[in-house]
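Beneath this line is the structure, given in structure tokens, with notes to follow.
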Amino acid sequence: MLRIAVVLRPSFTRRFGGCMLICRRQLQSSAGQLTAKLRHCHKASDVIGLVNTALESQRMDGVLWAAAVQRLSLLEMRGKPSRESWALLLGMADSSLQDLGYRELAVVAVAISKLKKDPGGRKDFLKAVFRNALLLNEKDQSMSVRHLANLAWSAAAAKVQARRLFEVAAAAQSEEQSRWLNPRDISQLLWAFARSSHSQLGLEVLENLASHHASPHMLPTFGDHDIAATVWAGATLATHLMPREKGRLFLKQIAAHAAERSSEFSPQGFSMLFWGTATLASKGIDMPSTALTAACAPHVVSNARRLTTQGAANILWSLSTLAKIDQDVAAKIVEEIRDVGSLSPSSTNEGQGRQENHAVIEALLEEIVRKLSSCNGQDIANSLWAVANIGYLGPSAVSLFNRIAEDPDAIPVHLFSAQECANSLWAIARSRWSGEPQEFVRRVCARIASFARLDEQSLSITVWALAVLGHRPAALPLLGNSGLNLKNLNSFPNASLCLLLWTCGMLGIRESPFPALVVALRCRARELTPSQLSVVARTLAGLWPRFAALKIKIECWLTRLYSL
Numbered sequence: 001m002l003r004i005a006v007v008l009r010p011s012f013t014r015r016f017g018g019c020m021l022i023c024r025r026q027l028q029s030s031a032g033q034l035t036a037k038l039r040h041c042h043k044a045s046d047v048i049g050l051v052n053t054a055l056e057s058q059r060m061d062g063v064l065w066a067a068a069v070q071r072l073s074l075l076e077m078r079g080k081p082s083r084e085s086w087a088l089l090l091g092m093a094d095s096s097l098q099d100l101g102y103r104e105l106a107v108v109a110v111a112i113s114k115l116k117k118d119p120g121g122r123k124d125f126l127k128a129v130f131r132n133a134l135l136l137n138e139k140d141q142s143m144s145v146r147h148l149a150n151l152a153w154s155a156a157a158a159k160v161q162a163r164r165l166f167e168v169a170a171a172a173q174s175e176e177q178s179r180w181l182n183p184r185d186i187s188q189l190l191w192a193f194a195r196s197s198h199s200q201l202g203l204e205v206l207e208n209l210a211s212h213h214a215s216p217h218m219l220p221t222f223g224d225h226d227i228a229a230t231v232w233a234g235a236t237l238a239t240h241l242m243p244r245e246k247g248r249l250f251l252k253q254i255a256a257h258a259a260e261r262s263s264e265f266s267p268q269g270f271s272m273l274f275w276g277t278a279t280l281a282s283k284g285i286d287m288p289s290t291a292l293t294a295a296c297a298p299h300v301v302s303n304a305r306r307l308t309t310q311g312a313a314n315i316l317w318s319l320s321t322l323a324k325i326d327q328d329v330a331a332k333i334v335e336e337i338r339d340v341g342s343l344s345p346s347s348t349n350e351g352q353g354r355q356e357n358h359a360v361i362e363a364l365l366e367e368i369v370r371k372l373s374s375c376n377g378q379d380i381a382n383s384l385w386a387v388a389n390i391g392y393l394g395p396s397a398v399s400l401f402n403r404i405a406e407d408p409d410a411i412p413v414h415l416f417s418a419q420e421c422a423n424s425l426w427a428i429a430r431s432r433w434s435g436e437p438q439e440f441v442r443r444v445c446a447r448i449a450s451f452a453r454l455d456e457q458s459l460s461i462t463v464w465a466l467a468v469l470g471h472r473p474a475a476l477p478l479l480g481n482s483g484l485n486l487k488n489l490n491s492f493p494n495a496s497l498c499l500l501l502w503t504c505g506m507l508g509i510r511e512s513p514f515p516a517l518v519v520a521l522r523c524r525a526r527e528l529t530p531s532q533l534s535v536v537a538r539t540l541a542g543l544w545p546r547f548a549a550l551k552i553k554i555e556c557w558l559t560r561l562y563s564l
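Under my numbering, the residue at position 132 of the sequence shown is numbered 132, and the numbers go up by one with no gaps.
And the structure:
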């Protein structure tokens, strides 16, 4: 009889699905002896040599094959890839998969999903693994939530659509056995549902897990990666559907617990934790953001050099977002964010009261500047947006703007998305930096011209920024060739409509799309915020003097409103 044990090695328990399977069998099993020898294989050729020995001596079976797949995956993660070795092992999949149980199926799925490069046929292989696991489960209904969590994690990591697998996982964790899930099962399940396209199922999983695991006594059993991944997953799900009360409370409690254990997190953990907390707070969910930021700040500074550029940019974005969502002035902040036409010093300096975050921001920006050549468009756009959003202009922020202006060749503008172009231009226009970004702006404009169509937000932000920066020749064609009419303006949010209207006013445009914008906003007059109404009135009065009286009435009304 075969016996398999799972040993969690410390160096891998910090990773999702990071359990190292060591197959131990009874000593009299010769195939088991070969399996045990795999742990001593330190090169791909050693693994394949052992597999060939098993084949020649007819001692090859599914368990040995699964252990070989896992060992080869581990060696590849250590930087020792071997395409030929993968070709041999995956070529044996059809016959070997039939001999595997749930545990081994989960192990090979995780091993294949962790590979940075597809060894060839990865998605088809994983689909076969999922199919075998579900067929076994149909017969005995005994697949544990732990194995389902590993399989679901593999599907999400490799971007394999496996609707049935996620349905079975969601159903299984809702049963009584979910009371005995450990933190790794919880974080893996939530991460898998958040990473996949099954957000509705994921929200149900979150609510059920929150009902069974929100008790304070369980929180200390969560590892640092489990905490960070759970907060990240909850935030990702919240971008699609708002969690209910128990789910929100669970996420708040686990984030508060993270503040108590701030010294334990890895650089990646800080990135996930900050991004998740800021995203949840931006959705209106009460989060302990102040306590978390204060507790983590010293550790982020000390770990800044170990952060990737993406991690540093994510934390910058998070700090900037949280600075704008101070719970004590939430209503005022929301109005300022929506005041699309304002460039007043009071709004650009809003975040500077948070002196305790300046050391963190400086350390993160220093890393971005130091590693600028390895930054992608999202890293650069998020960093620029973050410092402009809170009006921060410390030494490293100035260095970042200067590098972009002086060395545009170091910036991969030709790879920027439309949103990254828009956010970068917005940041330069919104910031108090006094340099000359003309060459960078020119390159961004050339990149924007290559897009067949801009989405509503990117279009409105881009033309606004170009108008503010004085690039009228670039802004006018964007507006004129946008093809905006009353029909497609119906899909624009109010803020984008107001931003476009204000831009038309700044550029002195009375022709298309200005008339359509006026009609669209007139239809939504009752939905506009006071600051948006003010933008509309000022713009109309600027272009058409007969609207001056309307502007005066609205400003008087706003004065009375804010004095209450």
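Where a beta carbon is used, it is the ideal one built from N, C-alpha and C, also for glycine.
Here's a check: name, in chain order, each residue in its chain whose Cβ is nearer than 7 Å to the Cβ of R83, leaving out the five neighbours to either side.
On the sequence shown, residue 83 is found 83 positions in, with the first residue counted as 1. Within the same chain, R83 has close Cβ partners P119.
Taking L466 and A475 to be in contact with their CB atoms under 8 Å, please state how far apart those CB atoms are, rounded to whole angstroms.
As a position in the sequence shown, residue 466 is number 466, starting the count at 1. As a position in the sequence shown, residue 475 is number 475, starting the count at 1. Confirmed, about 4 Å.
Do you know how far the Cα of A235 is from the Cα of T279?
One-based indexing of the sequence shown puts residue 279 at position 279. One-based indexing of the sequence shown puts residue 235 at position 235. Between T279 and A235, the C-alpha separation is close to 6 Å.
Do you know offhand how far L459's Cα is from L501's?
On the sequence shown, residue 459 is found 459 positions in, with the first residue counted as 1. On the sequence shown, residue 501 is found 501 positions in, with the first residue counted as 1. Distance between the alpha carbons of L459 and L501: 12 Å.
Which class does Y102 belong to by DSSP, given the choice of helix, strand or coil?
Translated into positions along the sequence shown, residue 102 becomes position 102. Here Y102 sits in helix by DSSP.
Just the C-alpha distance for S174 and N208, rounded to the nearest angstrom, thanks.
Here residue 174 corresponds to residue number 174 of the sequence shown, with the count starting at 1. Here residue 208 corresponds to residue number 208 of the sequence shown, with the count starting at 1. Taking the straight line joining both Cα atoms gives about 6 Å.
How big is the Cα-Cα spacing for L364 and K371?
If you number the sequence shown from 1, residue 364 lands on position 364. If you number the sequence shown from 1, residue 371 lands on position 371. Taking the straight line joining both Cα atoms gives about 11 Å.
Near L134, which residues of its chain fall below 7 Å by C-beta distance, leaving aside the five closest residues on each side in sequence?
As a working note, residue 134 is residue 134 in the sequence shown. R164, L165 and V168.
Comparing C-alpha positions only, which one of T309, S282 and A295 sits nearest to S320?
Residue mapping note: residue 320 aligns to position 320 of the sequence shown, counting from 1. That would be S282, whose Cα lies nearest to the Cα of S320.
I'd like to check one pair, P408 with E439: are the Cβ atoms closer than 8 Å?
Counting from 1 along the sequence shown, the entry for residue 439 is found at position 439. Counting from 1 along the sequence shown, the entry for residue 408 is found at position 408. The Cβ-Cβ distance between E439 and P408 falls below 8 Å.
Straight-line CA distance for L75 to W153?
Position 75 of the sequence shown, counting from 1, holds the residue named residue 75. Position 153 of the sequence shown, counting from 1, holds the residue named residue 153. Looking at the two C-alpha atoms, the distance is approximately 21 Å.
So is C523 buried or exposed if we call it buried at 16+ other beta carbons inside 10 Å?
Your numbering for residue 523 matches position 523 in the sequence shown. Under this definition C523 is an exposed residue.
Roughly how many angstroms lie between the CA atoms of L241 and A210, to the nearest whole one?
Position 241 of the sequence shown holds residue 241. Position 210 of the sequence shown holds residue 210. Going by the C-alpha atoms only, they are around 16 Å apart.
Decide if K114 is buried, meaning its Cβ has at least 16 other Cβ atoms within 10 Å, or exposed.
Reading the sequence shown from its first residue, position 114 is the one you call residue 114. That one is buried.
Taking just the CA atoms, how far does A255 sit from P515?
Counting from one through the sequence shown, the residue named residue 515 turns up at place 515. Counting from one through the sequence shown, the residue named residue 255 turns up at place 255. Roughly 48 Å between the two C-alpha positions.
Should G276 and L237 be called a contact, given that it needs their Cβ atoms to be closer than 8 Å?
Walking along the sequence shown from the start, residue 276 turns up at place 276. Walking along the sequence shown from the start, residue 237 turns up at place 237. Not in contact: G276 and L237 (Cβ atoms no closer than 8 Å).
Out of N481, R510 and L517, state which residue places its alpha-carbon closest to the alpha-carbon of A495.
Residue numbering aside, residue 495 sits at position 495 when the sequence shown is read from its first letter. Residue L517 is the option with its Cα nearest to A495.
Can you grab the Cα-Cα spacing for the pair L577 / S144, in whole Å?
Since the first residue of the chain shown is 1 and the last is 564, residue 577 is not available in this structure.
Which two residues bound the contiguous alpha helix (DSSP H) that contains N490?
Start at 1 with the first residue of the sequence shown, and residue 490 comes out as number 490. Unbroken run through N490: none, as it is neither H nor E.
Could you check whether R403 and A410 sit closer than 8 Å to each other, using their CB atoms as the reference points?
Counted from its first residue, the sequence shown places residue 410 at position 410. Counted from its first residue, the sequence shown places residue 403 at position 403. For the pair A410 and R403, the CB atoms are nearer than the 8 Å cut-off.
What is the C-beta distance between L100 and G62, in whole angstroms, given that I count them as a contact (C-beta under 8 Å)?
Numbered from 1 along the sequence shown, position 100 holds the residue referred to as residue 100. Numbered from 1 along the sequence shown, position 62 holds the residue referred to as residue 62. Going by Cβ atoms, the distance from L100 to G62 rounds to 5 Å, so yes, they are a contact pair.
Rounded to whole angstroms, what is the Cα-Cα separation between I112 and N132?
Translated into the one-based positions of the sequence shown, residue 112 becomes position 112. Translated into the one-based positions of the sequence shown, residue 132 becomes position 132. Separation of I112 and N132 (C-alpha to C-alpha, rounded to the nearest whole angstrom) is 16 Å.
Quick check on S482: does DSSP put it in helix, strand or coil?
To locate residue 482, count along the sequence shown from 1; it is residue 482. It is coil, neither helix nor strand.
Could you tell me which whole beta strand (DSSP E) segments of length 3 or greater appear in the region 185-264?
none
Short of 7 Å in beta carbon distance, which residues of its chain neighbour H414, apart from the five on each side in sequence? Order them along the chain.
What you label residue 414 is simply residue 414 of the sequence shown in a count that begins at 1. So the list reads R447, once near-sequence residues are dropped.
Where A405 and A427 are concerned, what is the direct C-alpha to C-alpha distance, given to the nearest angstrom?
In the sequence shown, counting from the first residue as 1, residue 405 sits at position 405. In the sequence shown, counting from the first residue as 1, residue 427 sits at position 427. Approximately 13 Å between the Cα atoms of the pair.
Taking the alpha-carbon positions, what's the S187 to R103 distance?
Translated into positions along the sequence shown, residue 187 becomes position 187. Translated into positions along the sequence shown, residue 103 becomes position 103. The straight-line gap from Cα to Cα measures roughly 19 Å.
When we look at the beta-carbon of D140 and count the other beta-carbons within 10 Å, is it buried (16 or more) or exposed?
Residue 140 sits at position 140 when you count from the first residue of the sequence shown. Exposed, because fewer than 16 other Cβ atoms sit within 10 Å of the Cβ of D140.
Answer with buried or exposed for Q28, where buried requires no fewer than 16 other C-beta atoms within 10 angstroms of its C-beta.
The count along the sequence shown starts at 1 and reaches residue 28 at position 28. Confidence at Q28 is low in this model, with a pLDDT of 34, below 50, so the placement of that residue is unreliable and no value is reported for it.
Quick one: residues in its chain with C-beta nearer than 7 Å to the C-beta of T230, no 5 flanking neighbours on either side, listed in chain order?
In the sequence shown, the residue the question calls residue 230 occupies position 230. I186, S187, L190 and I254.
So, with DSSP's three-state summary, where would you put M287?
Along the sequence shown, read from residue 1 onward, the residue named residue 287 stands at position 287. In this structure, M287 counts as coil in the three-state DSSP scheme.
Looking at C-alpha atoms only, which residue of M60, Q58 and Q70 is the closest neighbour of C41?
Here residue 41 is taken as the residue at index 41 of the sequence shown, counted from 1. Comparing Cα-Cα distances from C41 to each of M60, Q58 and Q70, the minimum goes to Q70.
Using only the alpha-carbon positions, how far apart do Q200 and A172 sit?
Position 200 of the sequence shown holds residue 200. Position 172 of the sequence shown holds residue 172. Each residue's Cα considered, the two are about 16 Å apart.
Assuming S262 and A295 make a contact with CB atoms under 8 Å, what is their CB distance in whole Å?
As a first step, residue 262 must be located in the sequence shown, where it is residue number 262. As a first step, residue 295 must be located in the sequence shown, where it is residue number 295. Confirmed, about 4 Å.
Are there 16 or more other CB atoms within 10 angstroms of the CB of K324, so buried, or fewer, so exposed?
On the sequence shown, residue 324 is found 324 positions in, with the first residue counted as 1. K324 is buried by the Cβ-count criterion.
Could you check the C-alpha separation between N565 and L425 for me, to the nearest Å?
The requested residue 565 does not occur in the structure, where the chain is confined to residues 1 to 564.
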